[in-house]
Structures are given as C-alpha cells and as structure tokens.
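Accompanying notes for the structure given below.
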Amino acid sequence: MRGERRVAKSRCGGFTLLEVVFVLVLLGVMALLTSRMFTNFVSGYTMARNSTAAVQKAQNALQRMTIDFTYLTPASSSGGTNSISYNTSLDNDAIVISQSDDKIMYSLNGTGYVLTDGVAADSLRFTYYTNYAAPAATTFDSSGTSLIGISFTMVGDDPSQGFSQAYSTRVALNKIKDE
262 MRGERRVAKS
272 RCGGFTLLEV
282 VFVLVLLGVM
292 ALLTSRMFTN
302 FVSGYTMARN
312 STAAVQKAQN
322 ALQRMTIDFT
332 YLTPASSSGG
342 TNSISYNTSL
352 DNDAIVISQS
362 DDKIMYSLNG
372 TGYVLTDGVA
382 ADSLRFTYYT
392 NYAAPAATTF
402 DSSGTSLIGI
412 SFTMVGDDPS
422 QGFSQAYSTR
432 VALNKIKDE
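When the letters of the sequence shown are read in order and numbered with the numbering used here, they come out as residues 262 to 440.
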C-alpha cells in the first residue's frame with residue numbers, strides 16, 4: 262500500500278512541460294488579439310475625432326461665408342474661381358476670401374484670419390449664377406450675379422487618416438437690404 266501512495270503523490274506533483282508550453286502559446290495568442298483590438302479601437306477613435314472636427318470647421322466656414330454673402334454689395338465685388346473680394350452693406354468692410362495651402366483665409370480690411378484649416382489643396386471654388394437655373398460662371402458679374410456657389414473639400418488635420426468630405430452650397434446675395 263505504501264508504494265501506491267507514492268505513485269499517486271508523484272502524479273499530482275505539477276504540470277508537464279507540454280502543458281506549460283501550451284498555456285504560454287494560448288496566452289500569447291490572446292495577448293496578440295487583445296493588442297490588435299485595442300489598436301483598432303484607438304485608430305477608430307482618432308479617425309472619428311478627426312472627422313468630427315473637420316465637419317465642425319467646414320460648417321463654421323460655410324456659415325460665416327453665408328452670413329457675409331447675404332450682406333454682400335454686388336457693385337463693389339469681384340471674384341474668380343478661387344477667391345472673392347467684396348464689401349458688405351452693414352459697415353462697408355472690405356473682405357477677401359481665398360485659399361492658402363490647407364487653409365481658407367478671410368481678410369477683413371487687410372487683416373488676415375484663418376477661416377478654417379484642414380482643407381484639401383486647391384479645393385476652394387466659387388461659382389457665380391444669375392439665377393438658380395442659370396449655368397455657372399467662373400467670374401463675378403456685378404450687374405448680374407445673384408447667387409454664389411461655394412465648394413471645398415475637407416481632409417482634416419491628419420490627411421493620412423483617409424477622411425475626405427466635400428462641402429458645397431449656394432447663397433443668394435444681398436438678401437437683407439438697407440431700408
């Protein structure tokens with residue numbers, strides 16, 4: 262009987278080398294999968310934050326231009342495909358909007374401000390219309406232009422993230438007239 266007890270004790274003494282290696286391989290695979298999931302989560306969060314910021318910047322820029330164009334004085338305005346200069350009927354401020362690198366610049370009475378950044382290179386475009394059904398023109402006509410089309414593409418702060426979104430609108434000029 263004593264011999265049987267010793268045999269039973271030696272069998273319960275620990276793990277075999279094969280069992281230890283198998284557990285280590287399983288732990289390695291689980292660690293690899295967990296790290297990949299964490300990396301994907303962080304990458305997705307970064308992309309979502311980048312795209313949300315770009316959308317907000319684009320909306321702010323479009324809103325600023327829309328407000329200004331409702332007070333635009335056609336007689337003192339000129340513009341081409343990539344820039345526009347005009348005066349407003351509110352306080353006769355001289356304003357120029359153009360693109361410089363990845364920024365849309367807003368110049369008020371000679372002082373430049375960044376209207377938005379994260380814009381795709383050479384994507385800011387202005388088109389001019391006499392009415393909604395008219396074909397687009399590439400230059401501002403002070404006697405006939407009644408709508409301005411604005412379009413640009415946002416790529417966000419980090420173009421490597423792959424975010425790209427086009428924005429465009431048409432604005433009726435001088436909707437609010439002085440009485």
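Quick reminder that beta carbons are idealized off the backbone N, C-alpha and C, glycines included.
Straight-line CA distance for D439 to S350? Within the sequence shown, the letter at position 178 stands for residue 439. Within the sequence shown, the letter at position 89 stands for residue 350. In this predicted model, D439 has a pLDDT of only 48, less than 50, meaning its place in the structure is not dependable enough to derive any value.
How many whole angstroms separate the CB atoms of S429 and S412, which I take to be in contact at a CB cut-off of 8 Å? In the sequence shown, the residue the question calls residue 429 occupies position 168. In the sequence shown, the residue the question calls residue 412 occupies position 151. The Cβ separation is near 4 Å, so the contact holds.
Could you name each continuous beta strand (DSSP E) segment of 3 residues or more that falls completely within the stretch 287-369, going from the start of the chain to the end? 333-340, 344-349, 355-361 and 364-369
Please state the DSSP three-state secondary structure of F413. In the sequence shown, counting from the first residue as 1, residue 413 sits at position 152. Reduced to three states, the DSSP call for F413 is strand.
Do the stretch 374-382 and the stretch 393-411 meet, that is, are 3 or more Cβ pairs less than 8 Å apart? no
Grouping DSSP H, G and I as helix and E and B as strand, with all else coil, what is F401? Taking the sequence shown and counting its residues from 1, the one referred to as residue 401 is at position 140. In the structure shown, F401 sits in coil (DSSP, three-state: anything other than H, G, I, E or B).
For E440, which three-state DSSP category applies? Counted from its first residue, the sequence shown places residue 440 at position 179. Low local confidence applies: a pLDDT of 44 at E440 is under 50, so the model's placement there is unreliable, with the coordinate-based value given in what follows. Coil.
Start and end residues, beta strand (DSSP E) containing V380: Here the question's residue 380 lines up with position 119 in the sequence shown. V380 -> no beta strand (DSSP E), and no H or E assigned at all.
Out of S368, T334 and S384, which one is the CA nearest neighbour of F401? To locate residue 401, count along the sequence shown from 1; it is residue 140. It is T334 whose Cα lies nearest to the Cα of F401.
For T295, collect the residues of the same chain with a Cβ closer than 7 Å to its Cβ; drop the 5 residues on either side in sequence, then sort them by chain order. Locating residue 295 in the sequence shown gives position 34, where the first residue counts as 1. For T295, where only same-chain residues beyond five positions count, there are no Cβ hits under 7 Å.
Which of helix, strand or coil does DSSP assign to F283? Here residue 283 refers to the residue found at position 22 of the sequence shown. Correct three-state label for F283: helix.
DSSP three-state assignment for L408, whether helix, strand or coil: For the purposes of this step, residue 408 is taken as the residue at position 147 of the sequence shown. Strand at L408.
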